[in-house]
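What follows is one structure encoded as structure tokens, with my remarks underneath.
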Amino acid sequence: MSAGDAPGILLAGGGTGGHIFPLLAVAESAREVEPKVQCRFVCSARPLDAEILTREGEAFDAIPARPFGVRPRSLARFAMGWGASVRAARDVLRAHRPGVIITSGGFVSAPIVQAARTEPVPVIAVNLDAVAGRANRWVARHAAVRLSATDALTDRVPPRWQRIGPIVRKPLRTPADPATARQAFGLDPHLPTLLVTGGSQGAQTVNGAIAWMLANHAQAFVGWQALHQCGGSEAEATELRAAYERAGMRARVMRFIEDMASAWFAAELGISRAGAGAVAEVWATATPSIFLPYPFHRDQHQRINAAACERTGGAIIVQDLIEPERAGPAIAQELVRLLSSGAARSEMIAALRSMGPCDGAETVARAALARIANP
Numbered sequence: 238m239s240a241g242d243a244p245g246i247l248l249a250g251g252g253t254g255g256h257i258f259p260l261l262a263v264a265e266s267a268r269e270v271e272p273k274v275q276c277r278f279v280c281s282a283r284p285l286d287a288e289i290l291t292r293e294g295e296a297f298d299a300i301p302a303r304p305f306g307v308r309p310r311s312l313a314r315f316a317m318g319w320g321a322s323v324r325a326a327r328d329v330l331r332a333h334r335p336g337v338i339i340t341s342g343g344f345v346s347a348p349i350v351q352a353a354r355t356e357p358v359p360v361i362a363v364n365l366d367a368v369a370g371r372a373n374r375w376v377a378r379h380a381a382v383r384l385s386a387t388d389a390l391t392d393r394v395p396p397r398w399q400r401i402g403p404i405v406r407k408p409l410r411t412p413a414d415p416a417t418a419r420q421a422f423g424l425d426p427h428l429p430t431l432l433v434t435g436g437s438q439g440a441q442t443v444n445g446a447i448a449w450m451l452a453n454h455a456q457a458f459v460g461w462q463a464l465h466q467c468g469g470s471e472a473e474a475t476e477l478r479a480a481y482e483r484a485g486m487r488a489r490v491m492r493f494i495e496d497m498a499s500a501w502f503a504a505e506l507g508i509s510r511a512g513a514g515a516v517a518e519v520w521a522t523a524t525p526s527i528f529l530p531y532p533f534h535r536d537q538h539q540r541i542n543a544a545a546c547e548r549t550g551g552a553i554i555v556q557d558l559i560e561p562e563r564a565g566p567a568i569a570q571e572l573v574r575l576l577s578s579g580a581a582r583s584e585m586i587a588a589l590r591s592m593g594p595c596d597g598a599e600t601v602a603r604a605a606l607a608r609i610a611n612p
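Here our numbering = 1-based position in the sequence shown + 237.
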């Protein structure tokens, strides 16, 4: 996308995979609808952002945006970096002249929207989590279009949001053969598979609870195998592999799973955090799941994220009690039942399939293309 090209789409978000992957899904859908459209990303300077976007072959600009914090040191860093991040964002807008900006929330969104107020470029704000963060609450006041992938927005958010479906990438909307997916991870194609994931960076409390269950409820896992995204260090992954081995359970333990679509389609049952992306993946693949919302968020937005799936009967929310000796038994109470009951899992699959399509990416893409066509 350059100044001489037709106006394209600038997608702003970063700092975590949870802000980038939905934007990749939107870019993917935009190109399906209009193959000639040009898309470019604005992300943070964190290495993860560049790693993801480079791997995807996307053009991007990193800006020195910093998270907003209430603690004095964090607040000072944010204030000191605000001017530089807005100037960098303005340089991006002037260099590429996009027809529309799509933001996914997070600290990258605010400086690009501030720059867009003076250029000016219309903004489409996309809300992913059930409780909108500070950045999205501010961005919403300056956006031309507001689209929310959840219906659980709190009263702190302006009411002018249009509800859309969950945002997932194309592979998650294209059912895959479970046996083939299992083979791709070196697993037995015929054994039912438990997927355990704490998100792209793993979760120590989830790993600890699973290790406790393997030590205390090994019999419940007979006839099953596991695919476990653990994050952390290689030493932690080795420790988990040993826990599965002691329990006599076949398992593939990986620090990071790049192809989460195949991971979910390989699974007959899931244990997962409840970030917006994970909830959308469970919804899209209709995988019966136990959600363990991240316990340290003040607003408990992960619990609210998962509530829709729980209400329909497609998932179960279990509080993460942090210490393995407390968290393990809490999870085991539900997990042992689901491992042994195909009927219960079938009911959960039917409930998830009744929740409607995961077509949010196309909705956002069409809104962006409409803005470009009718500035």
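Note that CB positions come from ideal geometry on N, CA and C, so glycine has one too.
| Item | Value |
| --- | --- |
| Under the three-state DSSP convention, the category T391 falls into | Reliability fails at T391, whose pLDDT of 44 lies under 50, so the model's placement of it is uncertain and the value that follows must be treated cautiously. Of the three classes helix, strand and coil, the one that applies to T391 here is coil, per DSSP. |
| Proximity below 9 angstroms, CB of V279 to CB of I349 | yes |
| Length-filtered (4 minimum) alpha helix (DSSP H) runs lying within the segment 487-573 | 497-503, 513-522 and 538-549 |
| Residues of its chain near V323, where Cβ-Cβ distance is below 6 angstroms and the 5 sequence neighbours each way are ignored | P348, Q351 and A352 |
| Straight-line Cα distance separating F344 from T253 | 10 angstroms |
| Stretch-stretch touch, CB-based, cutoff 8 angstroms, three pairs: the segment 403-413 with the segment 462-480 | no |
| Alpha-carbon to alpha-carbon, R371 and S385 | 15 angstroms |
| Extent of the continuous alpha helix (DSSP H) run through R283 | Element bounds for R283: n/a, residue is neither H nor E. |
| Among P304, L285 and R406, the one whose alpha carbon lies nearest that of A264 | R406 |
| At least three beta-carbon pairs within less than 8 angstroms, the segment 597-605 to the segment 532-542 | no |
| Backbone CA spacing between V382 and E471 [nearest angstrom] | 44 angstroms |
| CA nearest to the CA of P244, picked from G550, V329, R334 and A299 | R334 |
| Member of R590, G435, L428 and A326 whose CA lies at the smallest distance from the CA of M497 | G435 |
| Contact check, A416 vs S499, beta carbons under 9 angstroms | no |
| Alpha-carbon spacing of T387 relative to A545, whole angstroms | 9 angstroms |
| Outcome for A440 when other beta-carbon atoms lying within 10 angstroms are tallied against a minimum of 16 | buried |
| Close-in-space but distant-in-sequence residues of the same chain around Y531 (CB under 8 angstroms, 5 per side omitted) | A440, R510, A511, G512, Q539 and D557 |
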